[in-house]
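Chains as they are written, first to last, in my numbering: chain B, 35 to 283; chain A, 35 to 283; chain G, 35 to 283; chain H, 35 to 283; chain L, 35 to 283; chain Z, 35 to 283; chain X, 35 to 283; chain C, 35 to 283. Only one structure is covered here, and it is reproduced in the block below.
There are 8 protein chains.
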Amino acid sequence: MEREALRALLEQVRRGEIDADAALERLARLPFVDTPNARIDTHRALRHGLPEVIFGAGKSADQIAEIAGALRAAEQPVLVTRVVPEAAPALLALLPEADYDAASRLLWIGPAEVAVLGRGTIAVVTAGTADLPVAYEAIGVARRFGNKVEAIFDVGVAGVHRLLAAGDTLREARVVIAVAGMEGALPSVVGGLVDRPVIAVPTSVGYGASFGGIAALLGMLTSCASNVTVVNIDNGFGAAYVATLINRL
Amino acid sequence: MEREALRALLEQVRRGEIDADAALERLARLPFVDTPNARIDTHRALRHGLPEVIFGAGKSADQIAEIAGALRAAEQPVLVTRVVPEAAPALLALLPEADYDAASRLLWIGPAEVAVLGRGTIAVVTAGTADLPVAYEAIGVARRFGNKVEAIFDVGVAGVHRLLAAGDTLREARVVIAVAGMEGALPSVVGGLVDRPVIAVPTSVGYGASFGGIAALLGMLTSCASNVTVVNIDNGFGAAYVATLINRL
Amino acid sequence: MEREALRALLEQVRRGEIDADAALERLARLPFVDTPNARIDTHRALRHGLPEVIFGAGKSADQIAEIAGALRAAEQPVLVTRVVPEAAPALLALLPEADYDAASRLLWIGPAEVAVLGRGTIAVVTAGTADLPVAYEAIGVARRFGNKVEAIFDVGVAGVHRLLAAGDTLREARVVIAVAGMEGALPSVVGGLVDRPVIAVPTSVGYGASFGGIAALLGMLTSCASNVTVVNIDNGFGAAYVATLINRL
Amino acid sequence: MEREALRALLEQVRRGEIDADAALERLARLPFVDTPNARIDTHRALRHGLPEVIFGAGKSADQIAEIAGALRAAEQPVLVTRVVPEAAPALLALLPEADYDAASRLLWIGPAEVAVLGRGTIAVVTAGTADLPVAYEAIGVARRFGNKVEAIFDVGVAGVHRLLAAGDTLREARVVIAVAGMEGALPSVVGGLVDRPVIAVPTSVGYGASFGGIAALLGMLTSCASNVTVVNIDNGFGAAYVATLINRL
Amino acid sequence: MEREALRALLEQVRRGEIDADAALERLARLPFVDTPNARIDTHRALRHGLPEVIFGAGKSADQIAEIAGALRAAEQPVLVTRVVPEAAPALLALLPEADYDAASRLLWIGPAEVAVLGRGTIAVVTAGTADLPVAYEAIGVARRFGNKVEAIFDVGVAGVHRLLAAGDTLREARVVIAVAGMEGALPSVVGGLVDRPVIAVPTSVGYGASFGGIAALLGMLTSCASNVTVVNIDNGFGAAYVATLINRL
Amino acid sequence: MEREALRALLEQVRRGEIDADAALERLARLPFVDTPNARIDTHRALRHGLPEVIFGAGKSADQIAEIAGALRAAEQPVLVTRVVPEAAPALLALLPEADYDAASRLLWIGPAEVAVLGRGTIAVVTAGTADLPVAYEAIGVARRFGNKVEAIFDVGVAGVHRLLAAGDTLREARVVIAVAGMEGALPSVVGGLVDRPVIAVPTSVGYGASFGGIAALLGMLTSCASNVTVVNIDNGFGAAYVATLINRL
Amino acid sequence: MEREALRALLEQVRRGEIDADAALERLARLPFVDTPNARIDTHRALRHGLPEVIFGAGKSADQIAEIAGALRAAEQPVLVTRVVPEAAPALLALLPEADYDAASRLLWIGPAEVAVLGRGTIAVVTAGTADLPVAYEAIGVARRFGNKVEAIFDVGVAGVHRLLAAGDTLREARVVIAVAGMEGALPSVVGGLVDRPVIAVPTSVGYGASFGGIAALLGMLTSCASNVTVVNIDNGFGAAYVATLINRL
Amino acid sequence: MEREALRALLEQVRRGEIDADAALERLARLPFVDTPNARIDTHRALRHGLPEVIFGAGKSADQIAEIAGALRAAEQPVLVTRVVPEAAPALLALLPEADYDAASRLLWIGPAEVAVLGRGTIAVVTAGTADLPVAYEAIGVARRFGNKVEAIFDVGVAGVHRLLAAGDTLREARVVIAVAGMEGALPSVVGGLVDRPVIAVPTSVGYGASFGGIAALLGMLTSCASNVTVVNIDNGFGAAYVATLINRL
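This is how it looks when you write it as structure tokens:
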């Protein structure tokens, strides 16, 4: 995309339709829009074929609304992650057309139904009840990105029969997201059961020696299953993002 | 696969061709072979559609040869990783049919040419010369697993024009493996350039505050590019494994 | 237990009383019950001979009540741990038959008196006053699990005569739980005084270089007494669980 | 300065204008002023040619006002950093002549306009919107210290074209301050684009494996760009201080 | 034991058979023997009912022989752990009656056959081939301490069917030792399969983010199975010691 | 002391004034008093010649009052540390005779004036204003323990002339307590200036890479001055305790 | 520089002297040269005005010689860092024109005398004798980059008078490099003495709690002197690089 | 001392016997001697009343001999620490008058007998045989510094009766050095037994979770005994240094 735009620009230069300085200017400034507090990459959606996503944590309602407005002006759907329930009312007042889901902490501006573009199913499997918020984020993002999702909850490895009972659902998925806190062993067992990529999401669930997710993170990075890759602690969004890319291949 | 075998076994039981105890026995013992020191999972290859791989570090030549022999008896190709040059002669004496490559530290027993089964290309991109051993492992494994590979070396982010010049190769790949030590920033920049999954491999290259790859690992886990997942430090093999699964989708 | 159930099921298949698909279904789904947010392992109590325990921290009152309800429907006693005093009223409103103890943060639904099943006594010994909440959790769980418990408080090693004075009580126990924060040296000294297993519980008590229990945890893991094993920081429940299993041998 | 004062003092002693004991006294006590809670270094401003700065975090309004008063009595401008908006009213009540800016958390007592003493421009570049508070601190301090500042916001490396578009501004600066959280890769890319010193400021922005800025800090310390030095996490002030010294050379 | 000795001593004092000073002397010095470099606790064997064990790592052959000699003089069997093969010849020259086993790195002076004192079986289960040295230490110590041992090797959780096939052996044990490196998930799965105490031994096997056993250690400490306790990294001896105490109950 | 008591007791046994069992009882229980939540070591004051101290953090007002009451009943003065201002009123209501000082967070029950028992002066020197609370704790404890104290505030090493000016006071002290956060360099410089023991107290003052006092702690432990020993982060009390013992020699 | 080249290229396009595709090609590939194992950035020297530097650690003699050859072909001087004495002979055999210095571990190919381009002096100050190798690297690099250097050795802060005696040399420098291991306090004291930028280099000198340079690194990052920035542990080269850039301003 | 020299110098200036510049020169340069690689602080011995000590690790035999020569020229005794047996012959060849002791790794040049200057006894107590090298360093240094030393070896807390038996020796000491690795609990128990300062020395003895002495270090820093201060891991020298200063009070 960028390369074609660049080639077109160079052709314009060659035909004398635009001079070098102006070309330079356009060359640099095309693929984003500046607002007072952000330089928004409006072309990323086109490049990746996905709506732009705003990481909501640590941004004020005004900052989020400013960025969302610029994206909406470019007629793009907008997904905001990590909107805690306390922050939602102020944001909904500024963005009345938005749809907010407290369980996944996602705020969405776009069509109510998203066309399914993924070629298969994404399975999201979690170890315990406390991992649900991260799983809901992954599920919500994956659905907004046009994927069919199968959810399997509370199948931690200390009762491995619960997981084995879900074997068919896992094996039928095109890609699996495995969400677990504490010792984070779920992706290793899941990885041994399926022949698809497994994206492991460590969660900050646990206490003491789980150190806010470090135990789970290290466990997943050192998994003895070879088909496991890892994203950041609690990063349900990132897992869904990569799963979407894989599911479109 | 397993489920079908299980169903067949249950049908045999139902038809009275095998009694419950024997079924129980077969049910449990089918998918592996016991050697004195290992319980070898001979069906993993079938399940994942990939040759069995032996992690060579920390195993004696005798242990490796014992496992390889069991796998060869099952007529499977065998790939041994992390065979340092000093260990190769003893291993080649025990496994004379094997092919050893010092740069990737891989030992291979199987057909000289592997049929290409991957649907696209895997790009392997590295930040610096010192990251090459890990990259060679990823490349060697990916090729033995039936993938076309494009290699782009020495394009660290402190000279970002070198990376941009490789943009076309990157964008044409179906999946990208980005290998980097020190600050590990390469996957973030690569992730912004392509719309495919990027598998980040931190390396133990560096000194001081790189802490044997921790700096790169943390950098990759906290990447601001959403299409990045991470494997263990120096785990070129794991990256190639997952890339293969993705490339076959 | 499971194996017998499995054998019975296979026998039913052999006799044609159930077909393979149905058997497969039952095989997978027997030992748990699904609620909207959890897959409850109702058979664990049977397998381990202990009531099911709900880790209360990080779960909403509704989630706890939902799980407790499913367990009660299976006529099992229920023990909920880590119920802080602030969370108790909402929970008691949903589970009016429950009994709550603020010191141990335990909520119990079941018989007021539990039959003693343990063959000897469990001694619970603590280093300081600030370790009491963890000790109370261990004591409360051990009693609800049918053990006689002896408590010895505030016998930290900087006044070792206080501990020596309790030597008889310690030596008469079948298993000892040693609870300590700060430098966590208590289990080492206790371990030298008794010839029974000592379960060490590091607590998050302390400040500065105790790093929320890390100093005590490391101290216990590297204890020079050979009869010491360790559980997670503040995990009074886990210590009581294992002590119960040992006390029933 | 000090040396000259010392030489003058020794000359006085030599000429008998002051005796040894008194000289000793003056020698020790000259370059600071004692208040009840602080020993204020009133000569640092002279030595470094910069106003004295009070680190506001962890000090009470009374303590800050006491120190500021002593400095004002010495006719020096005063800059207080890390004054959170909640703390400002109490401080402004005590120091009514002060000027407070919430975005940079800076409180200033001195001339409204500061003469430009820096020989060139300081560029302040940030990776994301959440890094803005640290950037505003750096910008505010640099301006109060007499520098021209160019600000470039939200040009993180996952959309590297946004950064490249700002190349001219960066290259025209005499020194660059690069502010980034998460993986902290911005200074590496900036360092490759410019031939000036780059002062990297890791921020505590991020979650999970960013560990409150550690990931960014390690990434910057291990940067593959050789023209990068690093200051403490969130230390916008320190970066501006050093940039000012460099800009006056 | 000690208490009885103390009571006897006090009785002697009461009867005037020994004066206070001499009593004091004996009171303090009874339960150990001094050699030039060690104060050997010869009564620990009596107290714990187990032979004295010398931790061989970091001691010279002379030091080990000195301590072993004192113990032999007290007619106790002696077990030396962590005797690497390189150190064995020098030690065997000094202790010609000793029996050395290279796989377990154990040196034994005592009866060739040890009477079985344990009431049941100790199962030792390992995740991978590289964990074998630690498992052999646990097995060797357990056997020398008078236990029947069942060994189950190479049943890591990424091929969970291998572990399930060993279910009967596991369930028949009185206590289980689970040895695993890398992510250390084995004890969690084993803990869910059995209703006995599981002693988890993290090993230093792995690379990168396994950090010499930290990943496995943290995973085991945060295990979601409640019947798991943990010993130090690579501490096969300690696990066997505690398992022995439990197996004698 | 204890030894004499023990000898006296043994003499009583010898003379038949007390039988062995009773002696055993007294032998064990003499040097402490049990309250419901604590086993108070009432003899420590006698052994160390210092009042008993209660660490107030993490204890309820009731617990503190219970312990203080038992100590008062033994006619000992009582010092409670870490009583934050919010906790003081409840405590003063229970202990109306107590004297509370908010700056040092110390609560004292005992004579208003303590006799000076220390043979020289203890100098307490601090790096910055934010270190004052820890310094005040050290000063208050040292005075209540009967020492003369000289305080030198705000003499951090970045303005080393401020410290040099206090050289005489430092050199005249019998022992020096050096309190510093951030890089914790003060004890190294002080250690070079004096020929007395320097007790270094790292404080949690700082941000970012000070990691709650770790930077200061490591700096002090690795001090290039040989006369420096270190106590826990923020442990002003411990420093004063040891300084008192030294000052009485 | 790049921008001018880009503008010239665009002008060529505009004048029709080169077509868009060829321009695209040249645009991307200009500023580096590919060798089998490296993509060498030959323009960095031009951009930064400094010779290209090869980090020698972890590269084979062949790899270094290959890169050096490409750079020499571009008629650039070459500096190789971290060439340990053991590696030098093989390298000198391949690069006979090179000059090797064991103390600084630097290998140089270029003019024996480098013209002085720096406007002032760089002072290199070290805390202890063991820090000398890092200091020699900094000095050697700074001289090869065209700077006058003043060296001040062994002036650690525990004997601060040694440092004060060097005050004039320090104050006359344009930029100071402070090298220290252990507690790393030297830059703080130096920073208070001079009004110039201080580049702090932590070294891995020390033992125990210096943790290979972490103590010094953290101490420097949290320095109470505001004019200090930090580079990686043992990174004498990086400090000299930035000092050179500053000294040319 | 310094102060008197300074006063004398100022008097010389006042009397005109020396001019200001020369005074300045002498003022700065008096208390050290420069050799090519070191700035030796020859007055520290005078200031502290102790021989100068050279930390031998990481210095070449030539460097040590150079420094020792300068100190000998000043007629001071010299003590070199951390001289491993392999390094001793080369050093003894350069310093033939030196006396070397392999157990303590100390090299001494000075009188064979050192006069006892300490007022009491220093007790050195160790937990295990492997801690002996550190204890020998402490003992050797303390004796060379003029102290009487009592050594108590191998009295770790897992057999606390061994320690109690040494109670008299401990209580008679003026200061105690407690040396321990692993969990480092010894100083806590010792601290409770004596009313003197206890200097705790963590050692790097141990494996796994002892992390090279970190477990012991943290345990000692968080000791529940108030009379404990801590030095760096394995720093027997530093403990003896401080103990000497205390013993001379």
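C-beta atoms are modelled at their ideal positions from N, C-alpha and C, and glycine is treated no differently. If you're wondering where the values come from, they're calculated on a predicted model, not measured in any experiment.
Of the choices the options, whose alpha-carbon is the least far from that of residue i?
i: Ile52 (chain Z); options: L:Thr237, L:Arg48 and L:Leu283; result: L:Arg48
i: Ile98 (chain L); options: L:Gln110, L:Ala124 and L:Pro119; result: L:Ala124
i: Val159 (chain G); options: G:Val235, G:Val118, G:Glu109 and G:Glu120; result: G:Val235
Which residues in chain C sit within 8 Å of residue i, going by Cβ to Cβ distance?
i: Val235 (chain X); result: By Cβ distance, chain C contributes nothing, its closest Cβ being about 17 Å from Val235 (chain X), past 8 Å.
Given residue i, which residues of its chain have a CB within under 7 Å of its CB, disregarding the five upstream and five downstream residues?
i: Gly152 (chain B); result: Gly180, Asn181, Lys182, Thr278, Asn281 and Arg282
i: Thr203 (chain G); result: Ala157, Glu184 and Ile186
Excluding five sequence neighbours on each side, which residues of the same chain lie with their C-beta closer than 6 Å to the C-beta of residue i?
i: Gly225 (chain C); result: Val232, Ala259, Asn261 and Val262
i: Ala62 (chain C); result: Confidence at Ala62 (chain C) is low in this model, with a pLDDT of 44, below 50, so the placement of that residue is unreliable and no value is reported for it.
Might you give, ordered along the chain, the residues of its own chain that have their beta carbon closer than 8 Å to the beta carbon of residue i, omitting 5 neighbours on each side?
i: Asp165 (chain X); result: Val213, Ala214, Gly215, Thr237 and Val239
Closer than 8 Å by beta-carbon distance: list the chain A residues that pair up with residue i, in chain order.
i: Val239 (chain L); result: Gly92
i: Gly50 (chain G); result: Arg48
Would a check of beta-carbon distances place residue i closer than 8 Å to chain L?
i: Gly247 (chain A); result: yes
Do we get a CB-CB distance below 8 Å when we pair residue i with the residues of chain A?
i: Val183 (chain B); result: no
i: Ala259 (chain H); result: yes
Under 7 Å Cβ-Cβ, which residues of chain G neighbour residue i?
i: Pro166 (chain C); result: First, the amino acid is wrong: residue 166 (chain C) is Leu here, not Pro. Near Leu166 (chain C) there are no residues of chain G at all, since even the closest Cβ is about 15 Å away, more than 7 Å.
i: Ala243 (chain B); result: Leu251, Asn266 and Ile267
i: Arg263 (chain L); result: Looking at the sequence provided, one finds Thr at residue 263 (chain L) rather than Arg. Per Cβ cutoff of 7 Å: Ile233, Thr263, Val264, Val265 and Val276.
For chain B, is any of its Cβ atoms less than 8 Å away from the one on residue i?
i: Leu64 (chain X); result: Bear in mind that the predicted position of Leu64 (chain X) carries a pLDDT of just 49, short of 50, making it unreliable; the figure below should be weighed with that in mind. No, Leu64 (chain X) does not count as interfacial toward chain B.
So with Cβ pairs under 8 Å, would you call residue i a contact of chain X?
i: Arg177 (chain B); result: no
Whose Cβ in chain Z lies nearer than 8 Å to the Cβ of residue i?
i: Gln97 (chain H); result: Thr163
Which residues in chain H have a C-beta closer than 7 Å to the C-beta of residue i? List them in chain order.
i: Pro231 (chain X); result: Val276, Leu279 and Ile280
Output yes if chain G places a C-beta closer than 8 Å to the C-beta of residue i; else output no.
i: Ala192 (chain C); result: yes
Going along chain C, which residues have a C-beta under 9 Å from residue i?
i: Gly226 (chain G); result: Gly190, Val191, Ala192, Gly193, Val194 and His195
Problem - Runs of beta strand (DSSP E) wholly within the stretch 145-220 of chain X (minimum 3 residues, chain order) - result: 155-160, 182-186 and 209-214
Practice task
Return the chain-ordered ranges of every alpha helix (DSSP H) run that is complete within the stretch 114-148 of chain H and spans a minimum of 4 residues.
Solution key: Runs of the alpha helix (DSSP H) inside the stretch 114-148 of chain H: 122-128.
Exercise for the section: With a floor of 3 residues, list each beta strand (DSSP E) that falls wholly inside the stretch 229-269 of chain X, ordered by position along the chain. Expected result: 232-236 and 262-264
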